[in-house]
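Undergrad: Below is the structure I would like to discuss, written out as structure tokens.
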Amino acid sequence: MNPQQSLFPNPPTPVAPTSTTELRLVTFNAQHAAPDRARRQAAWLGQQPDADLVVLTEVGHGPGRHALLDALAQHGYTHLHAPRPDQPDYSTVIASRHTPLEPVPAGIDVLAHRAPAVDLWVGGQRLRLVGLYVPSRGPAARRNENKRAFQHAVTRALPGVLAGFDGPVVVTGDLNVVEPGHVPHYPVFGRWEHDFYRSFTDAGLTDAYRTLHPDAPGHSWYGRGGNGYRFDHTFLTTDRLDLTRCDYVHAPRHHGLSDHAAMAVAAVVAPRQLQP
């Protein structure tokens, strides 16, 4: 399968018509699912009214990956951007029900298959979407090496992602870090990880969930002891994006589709105002 292609000229009709004026996005951790669960993930996404666009993180590299991409196409996602890693590794996939996706370089030169970027049109406005899957801490022998390197690459690239584009920008995914002041507090997260979270706001992006839910914990993943973590995030530029929804959807966790909650975001896209 090519990284970007349109499949099935007459795909199944989704649960709700694709919006022409509103960004409707779901971020979903695929948890390197095997084929059967990958097909169920795609079926669930295909029934979500807010999932015109989907960013899937932690996509595996084996048969489950192929099953997921095929099933997404069968459930109405006619456009896919799915960069393959050079070596076995998890990756990030961007899928669209209707709007064509134009892959663009994000400037992230470490594990780039975890950080695809596309331009697309919503409501007559060109928009840039970046998906991220930050590595976990890794084995003891290489603890945090990939995580630090990837985070540093993202931090270096963010200013260019925004400076080189005059439309709205959305960055979303599983960052494997929690925000400063996270409740509960986890001392295992170092300052360098909180600095990574801050790099998004320092670049001019806004935390979508915190904008609408300033005081809610908003946990998206739970450890074995039941402790909650807000690992999944969406950041965006607020100009020409009127944020109307940002929620964690826990049905994938409850139904055994993923160990993460999905994240649903909706925003009305305002067209660019021409200067008089």
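With the first letter of the sequence shown counted as 1, position 137 gets the number 137 in full-length UniProt numbering; the numbers rise by one all the way through. A virtual CB, placed ideally from N, CA and C, is assigned to each residue, including glycine. In this text, all values refer to a predicted model and were calculated from it rather than measured experimentally.
Which class does histidine 61 belong to by DSSP, given the choice of helix, strand or coil?
TA: Position 61 of the sequence shown, counted from the first residue, corresponds to residue 61. In the structure shown, histidine 61 sits in coil (DSSP, three-state: anything other than H, G, I, E or B).
Undergrad: Let me make sure I understand the geometry here. Which of Asp109, Asp242, Ala67, Ser258 has the alpha-carbon closest to that of proline 271?
TA: For the purposes of this step, residue 271 is taken as the residue at position 271 of the sequence shown. Comparing Cα positions, the closest option is Asp242.
Undergrad: Can you name, in chain order, every residue of its own chain whose Cβ lies under 6 Å from the Cβ of arginine 245, other than the five neighbours on each side?
TA: Translated into the one-based positions of the sequence shown, residue 245 becomes position 245. The residues are Ala266.
Undergrad: Report back the beta-carbon spacing between serine 91 and histidine 113 to the nearest angstrom; my notes put them in contact at under 8 Å.
TA: Sequence index remark: in the sequence shown, residue 91 carries index 91 (1-based). Sequence index remark: in the sequence shown, residue 113 carries index 113 (1-based). The Cβ separation is near 4 Å, so the contact holds.
Undergrad: Going by DSSP, what residues sit across from tryptophan 221 in a beta bridge?
TA: Taking the sequence shown and counting its residues from 1, one reaches residue 221 at position 221. Tyr229, His260.
Undergrad: Going straight from the alpha carbon of glutamate 145 to that of arginine 198, what length do you get?
TA: Stepping through the sequence shown from its first residue, residue 145 is reached at position 145. Stepping through the sequence shown from its first residue, residue 198 is reached at position 198. Using only the alpha carbons, I get a separation of about 20 Å.
Undergrad: Please return the same chain residues whose Cβ sits closer than 6 Å to the Cβ of arginine 128, not counting the five positions on each side in sequence.
TA: Start at 1 with the first residue of the sequence shown, and residue 128 comes out as number 128. Only Asp119, Phe165, Val169 meet the Cβ criterion.
Undergrad: Am I right that histidine 269 and glutamine 125 are in contact with their C-beta atoms under 8 Å? What's the rounded C-beta distance?
TA: Stepping through the sequence shown from its first residue, residue 269 is reached at position 269. Stepping through the sequence shown from its first residue, residue 125 is reached at position 125. Contrary to the premise, residue 269 reads as valine rather than histidine in this sequence. With 8 Å as the limit, valine 269 and glutamine 125 qualify as a contact, their Cβ atoms being about 5 Å apart.
Undergrad: Where does tyrosine 248 sit, in a helix, a strand or coil, going by DSSP?
TA: For the purposes of this step, residue 248 is taken as the residue at position 248 of the sequence shown. Strand.
Undergrad: Just confirm the distance between the C-beta atoms of leucine 80 and valine 93, as a whole number of angstroms; I'd bet it's less than 8 Å.
TA: Walking along the sequence shown from the start, residue 80 turns up at place 80. Walking along the sequence shown from the start, residue 93 turns up at place 93. That belief holds up - the Cβ atoms of leucine 80 and valine 93 are roughly 7 Å apart, short of 8 Å.
Undergrad: Terminal residues of the continuous beta strand (DSSP E) containing valine 171?
TA: Within the sequence shown, the letter at position 171 stands for residue 171. From DSSP, the beta strand (DSSP E) with valine 171 extends over 169-174.
Undergrad: Relative to the alpha-carbon of leucine 257, which residue among Ala264, Leu45, Phe196 has its alpha-carbon at the smallest distance?
TA: For this step, residue 257 is matched to residue 257 along the sequence shown. When each option's Cα is compared against that of leucine 257, the closest is Leu45.
Undergrad: If I measure Cβ to Cβ from leucine 7 and keep anything under 7 Å in the same chain, skipping five residues before and after, which residues do I get?
TA: By one-based count along the sequence shown, residue 7 stands at place 7. Model confidence at leucine 7 stands at a pLDDT of 41, short of 50, so the residue's coordinates are unreliable; what they give is reported in the following sentence. Cβ within range, chain order: Ala73, Thr78.
Undergrad: Please go through the same chain and pick out, in chain order, the residues whose beta-carbon is closer than 6 Å to the beta-carbon of alanine 51, but skip the five residues on each side of it.
TA: Here residue 51 refers to the residue found at position 51 when the sequence shown is read from its first residue. Counting only Cβ-Cβ distances below 6 Å, and skipping sequence neighbours, we find Val26, Leu45.
Undergrad: My guess is that residue 345 and isoleucine 108 are in contact by the Cβ rule of under 8 Å, so how many angstroms apart are they, rounded?
TA: This structure leaves residue 345 out entirely; the chain is present only between 1 and 276.
Undergrad: Tell me whether the beta-carbon of phenylalanine 200 lies closer than 8 Å to the beta-carbon of valine 161.
TA: The residue labelled residue 200 in the question sits at position 200 within the sequence shown. The residue labelled residue 161 in the question sits at position 161 within the sequence shown. Contact: no.
Undergrad: Is aspartate 207 closer than 8 Å to phenylalanine 235 when the C-beta atoms are compared?
TA: In the sequence shown, the residue the question calls residue 235 occupies position 235. In the sequence shown, the residue the question calls residue 207 occupies position 207. Yes; because the gap between Cβ atoms is below 8 Å, this pair is in contact.
Undergrad: Between the Cα of histidine 182 and the Cα atoms of His98, Arg39, Gly218, which residue gives the shortest distance?
TA: By 1-based counting over the sequence shown, the position of residue 182 is 182. Nearest of His98, Arg39, Gly218 to histidine 182, Cα basis: Gly218.
Undergrad: Which whole-angstrom value is the C-beta distance of arginine 39 and alanine 71, which I expect to be below 8 Å?
TA: Taking the first residue of the sequence shown as position 1, residue 39 is located at position 39. Taking the first residue of the sequence shown as position 1, residue 71 is located at position 71. That belief holds up - the Cβ atoms of arginine 39 and alanine 71 are roughly 4 Å apart, short of 8 Å.
Undergrad: Nearest CA to the CA of arginine 137: which residue from His185, Gly62, Trp192?
TA: The residue you call residue 137 lines up with position 137 of the sequence shown. It is Trp192.
Undergrad: Determine the burial state of histidine 254: buried for a count of at least 16 other Cβ atoms within 10 Å of its Cβ, exposed for fewer.
TA: Walking along the sequence shown from the start, residue 254 turns up at place 254. Looking at its Cβ environment, which holds fewer than 16 other Cβ atoms inside 10 Å, histidine 254 is exposed.
Undergrad: Starting from phenylalanine 28 and walking both ways along the beta strand (DSSP E), at which residues does that stretch end?
TA: The residue given as residue 28 occupies position 28 in the sequence shown. Residues 22-29.
Undergrad: Within the continuous beta strand (DSSP E) that includes glutamine 41, where are the two ends?
TA: The residue given as residue 41 occupies position 41 in the sequence shown. First-last for glutamine 41: 35-46, but that is the alpha helix (DSSP H), not the beta strand (DSSP E).
Undergrad: In the DSSP assignment, find the unbroken alpha helix (DSSP H) run with alanine 117 in it and report its ends.
TA: Counted from its first residue, the sequence shown places residue 117 at position 117. That residue, alanine 117, is in no alpha helix (DSSP H); its beta strand (DSSP E) goes 117-122.
Undergrad: Going by CA-CA distance only, name the one from Pro180, Pro105, Pro100, His61 that's closest to aspartate 86.
TA: To locate residue 86, count along the sequence shown from 1; it is residue 86. Among Pro180, Pro105, Pro100, His61, the Cα nearest to that of aspartate 86 is on His61.
Undergrad: From Phe196, Pro100, Arg37, Val154, pick the residue whose C-alpha is nearest to that of alanine 106; which is it?
TA: Residue 106 sits at position 106 when you count from the first residue of the sequence shown. The residue with the shortest Cα to Cα distance from alanine 106 is Val154.
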